[in-house]
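Residue 1 is where the sequence shown starts when you use the UniProt record's numbering, and the numbers rise one by one after that. Glycine residues also receive a C-beta, built at the ideal position from the N, C-alpha and C atoms. The structure displayed is predicted, hence computed values, not measured ones. A short worksheet on the structure shown next.
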Amino acid sequence: MSDLRTLAAAFVVTLAAITGGAAVTGFVTADGAAPAPEIQNEHYVDGDAVANDTPGEATVEMESTARSQTVLVDPGIDASGGVPASPLALLGLGGGGVADRDVRPLANALIENGHEVDVYVPGATRQRPAAGPGGPGAPGGGPETALGERLADADAFVTFRTDYDEAELSAIEEFVDSGGRVIVATEPDAAFDRPGAVGLDATLDITTEPGYVYNMEENDLNYQRVYAEPTGGSDAALTEGVDRAVLPTATPVGTAAAGSDVLRPIEGSELSTTRASTEAPLLVRTDGVVMVGDSDFLSPENAARADNDALIGNLADFLVTGGQAAPGGQRAPTGPSGNRTAPSGPDGPSGNQTAPSGSQDPSGNQTAG
């Protein structure tokens, strides 16, 4: 009798094991793996965070009627690395290759309004006319740097925080003191890639902060493409027609001058180094110097975002409404508008080149010939 009970108990245990295993197997094989949990990424699904990716075409216009001015651009290229046959290609002009600094919206606006765009390649030199009073060959004149020579023929200067030596910094300071206009465009990584650029900041009395500005709540296509808006007391000439600008990779900038803030990031913006909210300016002006905490906004694809085209046009006007004094402290000859006219010179052996204000590409935008 005991054997019968033992067999019955064993049968029940075996049946339970088989039934339970079949149930588990059926659950796994019938439905497959359990569905993955939904992950909420607000910066991907928020309607305010995704802007129109087809904003239209940029219309960069200038209001200034100034006589022809010469704008010198330093794209930050070392001559030892090789210079293209046409240095204007470094700015995206006159060729189909990839530009180191594609600033065609700014350059074309200047050219179309009768101004000249000249490219400076560090380390290159060009011939100059015989020195006049106080020039390189005059008593006490001393040798000029290649940059100083180029600035002597220019009315405005655009640079991307390139490293400069003491002689070049002195030439830039003299240029500004003489009434020349300067735009400095920087990037968040400039402090690491070009540590010598701090000398330029000190010369021009401008500053930068480490890190980049981002906005997870409202941005243009991604969190690093932040919106910037004019401040309450900002420079009207620089912000005319600008409700919002898009700066693709912005770093805070500043100056010691009061009331110099022009553009600040919108509400919800934060600084990468602190993860705290920031209202630090992204564009400032002090007298004849403008500093922008971004350079990519000047490219063709970004000129069409928000009011960037209006901002670029205003910066072009800023560049040509200065006019530096001639060597010796006297003002250079002026036209009816009161602005110094910049003579055109032939290209030098360095390969540095000036964009003529008359040739056009098939699109109707003037470019280098």
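Continuous alpha helix (DSSP H) stretch holding residue i: start and end
i	result
aspartate 309	308–320
glycine 199	198–204
proline 105	104–112
DSSP three-state assignment for residue i, whether helix, strand or coil
i	result
glutamate 187	coil
proline 300	helix
threonine 249	coil
arginine 264	strand
glutamate 57	coil
arginine 181	strand
glycine 148	helix
threonine 65	coil
arginine 331	Confidence at arginine 331 is low in this model, with a pLDDT of 39, below 50, so its placement is unreliable and no value can be given for it.
serine 295	coil
threonine 239	helix
serine 170	helix
serine 344	Residue confidence is low: serine 344 scores 40 on pLDDT, short of 50, so the model does not pin down where it sits. Its coordinate-derived value is still stated next. The answer is coil: DSSP assigns serine 344 none of H, G, I, E or B.
Neighbourhood of residue i by C-beta, 6 Å cutoff - its chain only, sequence neighbours within 5 removed
i	result
threonine 273	Pro210, Gly211
phenylalanine 297	Leu247, Asn308
glutamate 229	Arg244, Ile266
methionine 291	Val184, Ile206, Val253, Val284
alanine 154	Thr70, Leu72
arginine 150	Leu72, Tyr120
asparagine 113	Met62
leucine 319	Val71, Ala156, Arg181
Proximity test, residue i beta-carbon vs the ligand FMN heavy atom, cut-off 7 Å
i	result
alanine 280	The ligand content of the structure shown is nil, which means the ligand FMN is not present either.
Neighbourhood of residue i by C-beta distance below 7 Å, restricted to the same chain and skipping five residues each side
i	result
arginine 225	Asn219, Val246, Pro248
proline 343	Note that proline 343 scores a pLDDT of 39, beneath 50, so its modelled location is shaky and nothing firm can be said.
proline 188	Gly211, Tyr212, Thr249, Thr251
glycine 233	Gly259
Own chain partners of residue i with C-beta closer than 8 Å, once the 5 adjacent residues on each side are dropped
i	result
glutamate 270	Val213, Tyr214, Asn215, Met216, Ala276, Ser277, Thr278
aspartate 317	Met62, Glu63, Ser64, Ala237
Integer Cβ distance of residue i from residue j, believed to fall under 8 Å
i	j	result
aspartate 261	proline 281	4 Å
leucine 315	leucine 106	7 Å
alanine 109	glycine 313	6 Å
arginine 161	leucine 221	Between leucine 221 and arginine 161 the Cβ distance is about 25 Å, and since that is not below 8 Å, they are no contact.
Unbroken beta strand (DSSP E) run spanning residue i, endpoints
i	result
leucine 283	283–286
threonine 159	156–159
leucine 271	269–271
threonine 70	70–74
alanine 228	226–230
valine 213	213–215
aspartate 118	116–119
Beta-carbon proximity check, residue i vs residue j, cutoff 8 Å
i	j	result
leucine 147	glutamate 168	yes
valine 289	leucine 204	yes
glycine 322	glycine 180	yes
asparagine 304	glutamate 116	The amino acid occupying residue 304 in the given sequence is alanine; asparagine does not appear at that position. Taking 8 Å as the Cβ cut-off, alanine 304 and glutamate 116 do not qualify as a contacting pair.
valine 253	threonine 186	yes
valine 182	phenylalanine 157	yes
threonine 286	threonine 239	no
Any C-beta of chain C under 8 Å from that of residue i
i	result
threonine 186	Protein chains in the displayed structure number just one, and chain C is not present.
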